[in-house]
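>
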Amino acid sequence: MATVRPPIWCISKISVLKWLQMVCSLVVVIFLSDGRYQWFMYTVVFFISIFLIMSTSLTLVIQYMGIKNIYNVEVIFNLVAFSLCLLAGSLLTYDLIKMVAGSFAHHRYLPPTYIGRDSWMNRVAVCIPASEDALLSNIICAN
Numbered sequence: 011m012a013t014v015r016p017p018i019w020c021i022s023k024i025s026v027l028k029w030l031q032m033v034c035s036l037v038v039v040i041f042l043s044d045g046r047y048q049w050f051m052y053t054v055v056f057f058i059s060i061f062l063i064m065s066t067s068l069t070l071v072i073q074y075m076g077i078k079n080i081y082n083v084e085v086i087f088n089l090v091a092f093s094l095c096l097l098a099g100s101l102l103t104y105d106l107i108k109m110v111a112g113s114f115a116h117h118r119y120l121p122p123t124y125i126g127r128d129s130w131m132n133r134v135a136v137c138i139p140a141s142e143d144a145l146l147s148n149i150i151c152a153n
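Here it is as structure tokens:
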């Protein structure tokens, strides 16, 4: 049986962390949307972020409805989200290290001309903490 909570519930600790996780994933989606064709891994990170946005919003709805025995679903979601964020952060860190060293050979194409190499490296540098912040919120939500 589900019980609907008052709207003030949206600013509780766990829901705020979930909102922040969705915002961080949205930042990654926005910043990587222009360069997905450069490297296949950008597309992987892009879709990981979209999946995290959808699944996080689903867990927010489930928690808002107050469905009982949600603990197992929440633990499984946090484990999957933790793994995906770790993968995304690792891929982007590898990419940034290669780009700072001047090697763009692992990319299929160069960054878009209207963005430029330095600006693209800055975008990837912003996406790394955003994906890692989502990773940290999964650790905190698990406790």
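So that you can map any letter, position 130 of the sequence shown is 140 in the numbering used here, and since no number is skipped, the others follow by simple counting. Where is the CB? At the ideal position from N, CA and C, for every residue including glycine. In this text the structure is predicted, and so the values were computed from the model without any measurement.
#1: Could you name the residues of the same chain whose beta carbon sits closer than 6 Å to that of residue 28, not counting the 5 residues immediately before and after it, in chain order?
#2: Is residue 111 near the ligand ZN, with its Cβ less than 7 Å from a heavy atom?
#3: How many angstroms separate the CA atom of residue 135 from the CA atom of residue 95?
#4: Would you mind reading off the limits of the alpha helix (DSSP H) that contains residue 87?
#5: In terms of residue numbering, what span does the alpha helix (DSSP H) encompassing residue 58 cover?
#6: Here's a check: name, in chain order, each residue in its chain whose Cβ is nearer than 6 Å to the Cβ of residue 51, leaving out the five neighbours to either side.
#7: Let me confirm a value: residue 58 is counted as buried when at least 16 other C-beta atoms fall within 10 Å, else exposed. Which label applies?
#8: Specify the secondary structure class of residue 17 as computed by DSSP and reduced to three states.
#9: Quick test of the definition: if touching needs 3 or more C-beta pairs under 8 Å, does the segment 121 to 140 touch the segment 79 to 93?
#10: Do you know offhand how far residue 108's Cα is from residue 34's?
#11: Determine, using beta carbons only, whether residue 76 and residue 15 come nearer to each other than 8 Å.
#12: Since residue 60 and residue 39 are thought to touch, with beta carbons under 8 Å apart, how far apart are those beta carbons, to the nearest angstrom?
#13: When the distance is taken between beta carbons, is residue 99 closer than 8 Å to residue 141?
The short version:
#1: Hits under 6 Å: 66, 70.
#2: This structure lacks the ligand ZN, and indeed carries no ligand of any kind.
#3: When rounded, the distance between both Cα atoms is 15 Å.
#4: 81 to 110
#5: 50 to 75
#6: For residue 51, where only same-chain residues beyond five positions count, the Cβ hits under 6 Å are 101.
#7: buried
#8: helix
#9: These segments do not touch.
#10: 23 Å
#11: Yes, these two residues count as a Cβ contact at 8 Å.
#12: 6 Å
#13: yes
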